[in-house]
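Novice:
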Amino acid sequence: MNIFRLTGDLSHLAAIIILLLKIWKSRSCAGISGKSQVLFALVFTTRYLDLLTSFISLYNTTMKVIYIGCSYATVYLIYMKLKATYDGNHDTFRVEFLIVPVGGLAFLVNHDFSPLEILWTFSIYLESVAILPQLFMISKTGEAETITTHYLFFLGLYRALYLINWIWRFYFEGFFDMIAIVAGVVQTILYCDFFYLYVTKVLKGKKLSLPA
Amino acid sequence: HALTMPHDEL
Chain D
167 MNIFRLTGDL SHLAAIIILL LKIWKSRSCA GISGKSQVLF ALVFTTRYLD LLTSFISLYN
227 TTMKVIYIGC SYATVYLIYM KLKATYDGNH DTFRVEFLIV PVGGLAFLVN HDFSPLEILW
287 TFSIYLESVA ILPQLFMISK TGEAETITTH YLFFLGLYRA LYLINWIWRF YFEGFFDMIA
347 IVAGVVQTIL YCDFFYLYVT KVLKGKKLSL PA
Chain A
2 HALTMPHDEL
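Those sequence lines, one after another, are chains D and A. If you count the first sequence from 1, you need to add 166 to reach the working numbering. If you count the second sequence from 1, you need to add 1 to reach the working numbering.
(1) Which residues, in chain order, does the segment 209-224 of chain D contribute to contact with chain A at a C-beta distance below 7 Å?
(2) Less than 8 Å between the CB atoms is what I'm expecting for Ile-313 of chain D and Lys-188 of chain D, so what's the real figure, rounded?
(3) Could you check if Ile-355 of chain D is buried or exposed, using at least 16 other CB atoms within 10 Å of its CB as the buried criterion?
(4) Quick one: grab the DSSP three-state call for Glu-309 of chain D.
(5) Check the DSSP bridge columns for Ser-220 of chain D and list the partner residues they point to.
(6) What residue range is occupied by the uninterrupted alpha helix (DSSP H) comprising Thr-191 of chain D?
(7) Just the chain A side, please: which residues come within less than 9 Å of Asn-226 of chain D by C-beta, in chain order?
(8) Should Tyr-242 of chain D go down as buried or exposed, given a rule of 16 or more other Cβ atoms within 10 Å for buried?
(9) Check whether chain A comes within 9 Å of Ala-349 of chain D, counting only Cβ atoms and requiring the distance to be less than that.
(10) Could you tell me which of D:Val-368, D:Leu-172, D:Leu-376 and D:Val-204 sits nearest to Val-295 of chain D, measuring between CA atoms?
(11) Under 9 Å between C-beta atoms, does Asn-168 of chain D make it to chain A?
(12) Could you name the residues of chain A that Asp-175 of chain D contacts, counting a contact when the two beta carbons are closer than 8 Å?
(13) Please name the residue in D:Thr-315, D:Arg-325 and D:Leu-321 whose C-alpha comes closest to that of Gly-197 of chain D.
(14) Mind reading off the beta-carbon distance from Leu-215 of chain D to Leu-285 of chain D? Whole number of angstroms is fine, and I expect it under 8 Å.
In structure tokens:
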């Protein structure tokens with residue numbers, strides 16, 4: 167555990183909790199892509215099946231349980247409790263175009279051809295693109311609430327910090343996981359355009375809106 | 002040395 171990994175995890179946790187609290191407090195999930203949230207729930211479910219097979223640390227187990235619990239709570243709020251506020255008309259990204267290729271790739275490129283390992287690989291690949299329905303929704307409506315942009319910022323920051331963590335681990339532990347690294351780089355790149363808008367607009371007190 | 006399973010990251 168190094169400082170980049172820890173702050174990365176905490177940044178991820180912050181993102182998840184910001185989103186959940188935003189929806190809960192405002193009693194509205196307007197502007198939030200339910201599809202992205204379902205994909206993240208799927209990511210956590212398929213990745214953390216090892217909760218049942220191996221114990222790494224109390225920290226590891228606790229965080230996994232929190233991530234899974236919060237992601238299902240978010241999906242529940244969007245599709246059940248606050249369904250009336252869900253903006254389904256703008257959430258039109260075709261997720262099968264992500265799931266099918268990602269599933270195929272997980273079968274072809276993995277560390278070990280075993281069920282748990284393929285599901286882990288699937289979750290890594292899927293996570294790298296799971297935010298696309300949300301970004302697509304923002305590009306479609308041309309704007310995002312400021313609190314939603316904070317959520318996206320922390321989610322992107324988490325992946326960027328993990329990249330530094332992997333560089334650290336490579337130098338100091340000789341550890342590298344090519345699948346996680348390549349997917350992590352892809353994931354971070356997807357946030358670059360958003361980061362630019364976040365820094366140039368949101369941090370200067372303006373609302374994030376895209377030119378028509 | 003490359004990856005070790007189980008995966009220790011989140």
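For every residue, glycine included, the Cβ atom is placed at its ideal position computed from N, Cα and C. Values in this document were obtained by computation on a predicted structure and should not be read as measured data.
Specialist: In this structure, then:
(1) Cβ contacts with chain A come from Asp-216, Ser-220 and Ile-222.
(2) Position 147 of the first sequence holds residue 313 of chain D. Position 22 of the first sequence holds residue 188 of chain D. Indeed they touch by this definition, with Cβ atoms about 5 Å apart.
(3) Start at 1 with the first residue of the first sequence, and residue 355 of chain D comes out as number 189. So Ile-355 of chain D ends up on the exposed side.
(4) Locating residue 309 of chain D in the first sequence gives position 143, counting from the first residue. In the structure shown, Glu-309 of chain D sits in a strand (DSSP, three-state: E or B).
(5) Your numbering for residue 220 of chain D matches position 54 in the first sequence. Paired residues: none, contrary to the question.
(6) Sequence index remark: in the first sequence, residue 191 of chain D carries index 25 (1-based). It should be pointed out that residue 191 of chain D corresponds to Lys in this sequence rather than to Thr. Bounds of the alpha helix (DSSP H) holding Lys-191 of chain D are 169-192.
(7) As a position in the first sequence, residue 226 of chain D is number 60, starting the count at 1. Near Asn-226 of chain D (Cβ distances below 9 Å), the residues of chain A are Asp-9, Glu-10 and Leu-11.
(8) Reading the first sequence from its first residue, position 76 is the one you call residue 242 of chain D. It counts as exposed.
(9) Sequence index remark: in the first sequence, residue 349 of chain D carries index 183 (1-based). In terms of beta-carbon proximity, Ala-349 of chain D stays away from the interface with chain A, with every pair separated by 9 Å or more.
(10) Taking the first sequence and counting its residues from 1, one reaches residue 295 of chain D at position 129. Checking every option, the nearest Cα to that of Val-295 of chain D belongs to D:Val-204.
(11) Taking the first residue of the first sequence as position 1, residue 168 of chain D is located at position 2. Taking Cβ atoms only, chain A never reaches closer than 9 Å to Asn-168 of chain D, which makes this a no.
(12) Translated into the one-based positions of the first sequence, residue 175 of chain D becomes position 9. For the C-beta of Asp-175 of chain D, the chain A residues within less than 8 Å are, from N- to C-terminus, Leu-11.
(13) Position 31 of the first sequence, counted from the first residue, corresponds to residue 197 of chain D. Gly-197 of chain D has its Cα closest to that of D:Thr-315, out of D:Thr-315, D:Arg-325 and D:Leu-321.
(14) The residue labelled residue 215 of chain D in the question sits at position 49 within the first sequence. The residue labelled residue 285 of chain D in the question sits at position 119 within the first sequence. Leu-215 of chain D to Leu-285 of chain D, Cβ: 6 Å. Contact.
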